[in-house]
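Note sheet for the following structure.
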């Protein structure tokens with residue numbers, strides 16, 4: 514995309530894949546700056562509802578769109594053909610299903626992942642999935658990290674994004690098209706680190722929710738989060754050593770908001786489990802996908818492969834996938850935290 518990245522934000526051809534809450538928030542951000550936003554939504558019902566009413570019928574329903582700025586489709590090939598920048602914002606469990614329909618030319622496009630999860634069918638992160646399955650190199654990839662909840666974007670509360678991308682000119686374009694009076698955008702070159710940290714914070718948020726549901730207070734959660742960021746640093750150094758400061762907003766900030774916020778679906782999933790719901794019933798009771806559930810299995814497997822001793826990841830995995838009692842697992846965990 515670098516050859517085209519000298520365009521002003523008004524002329525950048527940008528598309529968004531997905532019609533959930535964060536996809537809707539991203540379209541809102543882009544519509545502040547771009548002349549046209551291509552938007553590939555789930556089905557004809559969603560497409561028709563947006564075209565008729567000017568808002569998403571299921572997510573962030575208070576956000577109204579100027580329909581003159583939107584080109585809505587249900588065809589990923591139409592989206593990609595008409596866009597230079599494609600922002601992927603579907604839940605990770607649906608990404609392969611969407612991408613497998615891609616038949617048009619895409620090698621000169623910039624694919625930007627706003628997905629915070631593992632692609633289950635391939636048990637890998639989005640960056641590796643795009644590279645291995647579609648030969649999209651890291652120079653044609655970017656990652657959008659938080660801390661940024663879609664609900665606060667809808668309310669135009671000041672929020673921060675970090676865009677991780679290999680080439681500075683592409684970083685400048687993404688920064689320009691996403692920034693507004695309520696969105697501040699930082700840039701980074703740590704693509705894999707930002708993606709892994711965005712996945713890990715969802716797992717840690719499930720654990721924070723479990724602790725809250727079990728009745729642990731703020732003092733414990735503070736210790737829990739401080740241990741979680743150290744675990745994250747250990748994991749990132751083992752997987753992808755790179756000069757980085759995990760105290761930056763994209764790492765620690767995103768972890769804190771996801772662990773504490775009532776908008777956090779991963780925290781809410783954990784909270785239900787802590788209160789006594791089975792994992793299955795907790796998942797079924799939620800209207801949105803909690804990425805951390807699916808990510809836990811893949812991240813745990815990497816930890817086993819790398820022989821990493823990460824007590825929080827192990828405890829969350831045992832509760833979610835081994836059926837172990839949450840109260841007993843957290844009682845054991847308290848002795849491992851410092």
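Residue numbers (the numbering used here): 514 to 851. We put the beta carbon where it would ideally sit given N, CA and C, even for glycine.
Along the alpha helix (DSSP H) that carries residue i, what are the first and last residues, could you check?
| i | result |
| --- | --- |
| residue 590 | 589 to 594 |
| residue 699 | Unbroken run through residue 699 is the beta strand (DSSP E), 696 to 701; no alpha helix (DSSP H). |
| residue 716 | 704 to 727 |
| residue 768 | 767 to 773 |
| residue 783 | 778 to 787 |
| residue 749 | 731 to 752 |
| residue 643 | 639 to 647 |
| residue 557 | 557 to 566 |
| residue 534 | 534 to 544 |
| residue 841 | 839 to 847 |
| residue 488 | Nothing in the structure corresponds to residue 488, since the chain is present only between 514 and 851. |
| residue 810 | 804 to 819 |
Compare the beta carbon distance of residue i and residue j with 8 Å and say whether it is the shorter of the two.
| i | j | result |
| --- | --- | --- |
| residue 701 | residue 763 | yes |
| residue 600 | residue 530 | yes |
| residue 738 | residue 662 | no |
| residue 625 | residue 657 | yes |
| residue 582 | residue 609 | no |
| residue 554 | residue 532 | yes |
| residue 748 | residue 664 | no |
| residue 711 | residue 821 | no |
| residue 602 | residue 623 | no |
| residue 604 | residue 802 | yes |
| residue 714 | residue 767 | yes |
| residue 735 | residue 780 | no |
| residue 542 | residue 765 | no |
| residue 546 | residue 584 | no |
| residue 615 | residue 636 | no |
| residue 686 | residue 525 | yes |
What are the residues that DSSP puts in a beta bridge with residue i?
| i | result |
| --- | --- |
| residue 680 | Bridge partners of residue 680: none, in fact. |
| residue 624 | 599 and 654 |
| residue 584 | 551 |
| residue 674 | 698 |
| residue 693 | 696 |
| residue 632 | 637 |
Measuring CA to CA, which of the options is closest to residue i?
| i | options | result |
| --- | --- | --- |
| residue 761 | 802, 659 and 585 | 659 |
| residue 835 | 791, 798, 822 and 668 | 791 |
| residue 773 | 788, 725 and 678 | 725 |
| residue 587 | 713, 564 and 786 | 564 |
| residue 628 | 614, 643 and 844 | 643 |
| residue 548 | 841, 748 and 596 | 596 |
| residue 699 | 795, 677, 715 and 847 | 677 |
| residue 682 | 710, 653 and 550 | 653 |
| residue 843 | 729, 716, 604 and 697 | 729 |
| residue 813 | 647, 709, 545 and 850 | 709 |
| residue 847 | 825, 831, 837 and 585 | 825 |
| residue 850 | 832, 831 and 827 | 827 |
| residue 756 | 781, 705 and 591 | 705 |
| residue 544 | 556, 527 and 557 | 527 |
| residue 795 | 736, 722, 619 and 818 | 722 |
| residue 638 | 811, 688, 782 and 703 | 811 |
| residue 703 | 685, 680 and 716 | 680 |
| residue 758 | 571, 707, 789 and 841 | 707 |
| residue 839 | 800, 798, 787 and 648 | 787 |
| residue 669 | 646, 695 and 651 | 695 |
Where do the N-terminal and C-terminal ends of the beta strand (DSSP E) with residue i fall, by residue?
| i | result |
| --- | --- |
| residue 528 | 527 to 530 |
| residue 606 | Segment 605 to 612 is the alpha helix (DSSP H) holding residue 606; no beta strand (DSSP E) there. |
| residue 827 | Counting along the chain, residue 827 falls outside any beta strand (DSSP E), though it belongs to the alpha helix (DSSP H) covering 824 to 834. |
| residue 792 | That residue, residue 792, is in no beta strand (DSSP E); its alpha helix (DSSP H) goes 792 to 797. |
Using a threshold of 7 Å, is the CB atom of residue i nearer than that to any non-hydrogen atom of the ligand GTP?
| i | result |
| --- | --- |
| residue 603 | Among the components modelled here there is no ligand, and therefore nothing to report on the ligand GTP. |
Do three or more CB pairs link the stretch 801 to 808 to the stretch 744 to 762 at distances below 8 Å?
no
(request) Kindly confirm or deny that the stretch 569 to 583 and the stretch 531 to 541 touch, where touching means at least three C-beta pairs closer than 8 Å. (result) yes
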